[in-house]
Amino acid sequence: GANLISVKLFGELEFWFSMVKVTAIIGMILICAGVLTVGFSDAGDTATVANLWNDGGFFPNGITGTLMTLQIVMFAFLAVELVGVTAGESKDPKTVLPKAINTVPWRIAVFYVGALIMILSVVPWSTFKPGVSPFVKAFEEMGFGVGAAIVNFVVLTAALSSCNSGMYSTG
Numbered sequence: 001g002a003n004l005i006s007v008k009l010f011g012e013l014e015f016w017f018s019m020v021k022v023t024a025i026i027g028m029i030l031i032c033a034g035v036l037t038v039g040f041s042d043a044g045d046t047a048t049v050a051n052l053w054n055d056g057g058f059f060p061n062g063i064t065g066t067l068m069t070l071q072i073v074m075f076a077f078l079a080v081e082l083v084g085v086t087a088g089e090s091k092d093p094k095t096v097l098p099k100a101i102n103t104v105p106w107r108i109a110v111f112y113v114g115a116l117i118m119i120l121s122v123v124p125w126s127t128f129k130p131g132v133s134p135f136v137k138a139f140e141e142m143g144f145g146v147g148a149a150i151v152n153f154v155v156l157t158a159a160l161s162s163c164n165s166g167m168y169s170t171g
């Protein structure tokens, strides 16, 4: 309910929530890049980009699972109504909004796809188990034990950000 006080407070909270998420993802990408450079993880497995196509490649069990997952991924991007809500709060929406919207594909490529490529290069997809975060598993495989706590903190921050945005957009 902090966003009911002022738009400025909502923006400030979202800035810090986003900063936590972006910093964590960049950190994950850099740590994975370091492990790929060395070529092995703490568990003794070889970290290589070949993990991306080993064990059956991108669709080892067919494309059905990917298509089913696509529904979940698209749901994650359904907060586009916030663009319209924030347009009314911007000082210069004709300049700021197109600039922000046009950078979205690059941000998705770097933060989502880039992080997944790095994680899957370090830890083969076949070692992941249901109910365990791939990011937590990757940090454990790399010998970075505190990574699980960091990932859980980031997930909590993302949940708070989502709640904050939902309250702002619905009044």
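Heads up: the sequence shown at position 81 corresponds to 81 in the UniProt record's numbering, and the numbers run straight through without jumps. Backbone N, C-alpha and C fix where the C-beta goes; we use that ideal spot for every residue, glycine too.
Item to check | Beta-carbon proximity list for Ile31, same chain, < 6 Å, skipping 5 on both sides | outcome: As a working note, residue 31 is residue 31 in the sequence shown. The answer is none, since no qualifying residue turns up.
Next on the checklist: In this structure, how does DSSP classify Glu12 when only helix, strand and coil are distinguished?
Outcome noted: Here residue 12 refers to the residue found at position 12 when the sequence shown is read from its first residue. It is helical.
Checklist entry - Exposed or buried, Gly147, counting other C-beta atoms within 10 Å across all chains shown (16 or more means buried)? => result Looking up residue 147 in the sequence shown gives position 147. By the 10 Å Cβ count, Gly147 comes out buried.
Checklist entry - According to DSSP, which residues form a beta bridge with Thr157? => result Translated into positions along the sequence shown, residue 157 becomes position 157. DSSP, once it has assigned bridges, lists no residue as partnering Thr157.
Checklist entry - Measuring CB to CB, does Ala138 end up less than 8 Å from Ile119? => result Residue mapping note: residue 138 aligns to position 138 of the sequence shown, counting from 1. Residue mapping note: residue 119 aligns to position 119 of the sequence shown, counting from 1. A contact, by the Cβ cut-off of 8 Å.
Checklist entry - Just the Cα atoms here: how many angstroms apart are Ala159 and Leu52? => result Counting from one through the sequence shown, the residue named residue 159 turns up at place 159. Counting from one through the sequence shown, the residue named residue 52 turns up at place 52. For Ala159 and Leu52, the distance between alpha carbons rounds to 30 Å.
Next on the checklist: What does the Cβ neighbour count give for Ser126, buried or exposed, with the cut at 16 atoms within 10 Å?
Outcome noted: The count along the sequence shown starts at 1 and reaches residue 126 at position 126. That one is exposed.
Checklist entry - According to the Cβ coordinates, are Glu14 and Ser161 closer than 8 Å? => result Looking up residue 14 in the sequence shown gives position 14. Looking up residue 161 in the sequence shown gives position 161. The answer is yes: Cβ separation under 8 Å.
Next on the checklist: To the nearest angstrom, how far is the alpha carbon of Gly56 from that of Glu12?
Outcome noted: Numbered from its first residue, the sequence shown carries residue 56 at position 56. Numbered from its first residue, the sequence shown carries residue 12 at position 12. Approximately 45 Å between the Cα atoms of the pair.
Checklist entry - Thinking C-alpha only, which one of Leu9, Val7 and Ile25 is nearest Ile108? => result The sequence position of residue 108 within the sequence shown is 108, counting from 1. Selected option, being the one with the closest Cα: Ile25.
Next on the checklist: Below 8 Å on the Cβ atoms is my contact criterion, and I expect Val154 with Lys21 to pass it. Report the Cβ-Cβ distance as a whole number of Å.
Outcome noted: Here the question's residue 154 lines up with position 154 in the sequence shown. Here the question's residue 21 lines up with position 21 in the sequence shown. Yes, Val154 and Lys21 are in contact; Cβ-Cβ is about 6 Å, under 8 Å.
Checklist entry - Looking at Ala87 and Met28, is the spacing between their C-beta atoms short of 8 Å? => result Along the sequence shown, one-based indexing puts residue 28 at 28. Along the sequence shown, one-based indexing puts residue 87 at 87. For Met28 and Ala87, no; Cβs fall outside 8 Å.
Checklist entry - For Gly39 versus Ala47, is the C-beta spacing smaller than 8 Å? => result Residue mapping note: residue 39 aligns to position 39 of the sequence shown, counting from 1. Residue mapping note: residue 47 aligns to position 47 of the sequence shown, counting from 1. Result yes, Cβ atoms of Gly39 and Ala47 sit closer than 8 Å.
Checklist entry - What's the gap between the Cα of Val7 and the Cα of Pro98? => result Residue numbering aside, residue 7 sits at position 7 when the sequence shown is read from its first letter. Residue numbering aside, residue 98 sits at position 98 when the sequence shown is read from its first letter. Spanning the two alpha carbons is a distance of roughly 21 Å.
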